[in-house]
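Worksheet: one structure, shown below.
In the working numbering, the protein residues as written are 21 to 199.
Set out below in structure tokens:
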């Protein structure tokens with residue numbers, strides 16, 4: 021008995037024995053087995069088509085910064101905190117299976133390509149990435165981007181004068197000086 025994967029090289033296997041482990045990538049894989057009778061002449065060919073689908077991503081990132089935790093296909097929730105000055109962000113997701121599709125915030129997006137800009141309100145903003153395999157149920161990855169509130173601190177960090185020294189010395193709680 022010999023077998024080949026996707027028309028690759030034939031590999032011999034003893035009748036009644038298992039084949040070596042066969043790597044089956046996402047998508048369609050054809051395994052062909054050629055069985056030769058004891059007479060050494062008569063053969064029969066068996067073809068198995070294996071279709072493997074995935075609802076996972078291989079990468080997920082946001083333009084807003086590094087997510088926590090670090091991306092892992094089995095983890096479905098991520099977060100990142102951004103300053104008030106960041107009012108938009110994109111999400112880039114890469115599919116494990118090219119037969120799957122996905123949306124970012126409800127909009128179909130291409131694998132490995134940044135989504136459209138997502139507006140960020142002050143506070144928590146959930147951006148859902150919904151992966152739909154060719155067969156099976158959808159899976160949702162959620163990126164929560166928290167945009168901090170604007171600062172209410174109107175204090176100076178420092179103050180100098182080219183005309184001379186300040187009196188008293190600068191302090192964040194002192195508001196009147198002379199030179």
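Just so it is clear, CB atoms sit at the ideal spot from N, CA and C, and this is done for glycine as well.
- Under the three-state reduction of DSSP output, residue 143 falls in the strand class.
- By a beta-carbon distance limit of 8 angstroms, residue 99 does not contact residue 22. Their separation comes to about 52 angstroms.
- Residue 72 holds the alpha-carbon nearest to the alpha-carbon of residue 155 among 111, 24 and 72.
- In its chain, beyond the 5 residues on either side, 100 and 102 have a beta carbon closer than 7 angstroms to the beta carbon of residue 85.
- Distance between residue 66 and residue 35, taken at the CA atoms: about 14 angstroms.
- Going by beta carbons, residue 149 and residue 167 fall outside the 8 angstroms limit.
- Judged by pairs of C-beta atoms under 8 angstroms, the region 111-128 touches the region 31-49, as three or more such pairs exist.
- Residue pairing by DSSP puts residue 53 in a beta bridge opposite 23 and 66.
- In this structure, the beta-carbon distance from residue 50 to residue 75 does not fall below 8 angstroms.
- A Cβ-Cβ separation of about 7 angstroms places residue 93 in contact with residue 78 under the 8 angstroms criterion.
- Exposure of residue 38 is indicated by the presence of fewer than 16 other C-beta atoms within 10 angstroms of its C-beta.
- Counting only residues of its own chain and dropping the five nearest sequence neighbours on each side, residue 135 has a CB closer than 6 angstroms to the CB of 110, 111, 124 and 129.
- The Cβ atoms of residue 80 and residue 108 lie no closer than 8 angstroms to each other.
- The alpha-carbon of residue 68 is positioned some 15 angstroms away from that of residue 41.
- Here residue 147 has 111, 125, 138 and 163 as same chain residues with Cβ atoms under 6 angstroms from its own Cβ, once five neighbours each way along the sequence are excluded.
- Unbroken beta strand (DSSP E) stretches of 3 residues or longer found wholly inside the region 57-112: 63-72, 77-82 and 97-102, given in chain order.
- Residue range 159-167 is occupied by the beta strand (DSSP E) that includes residue 161.
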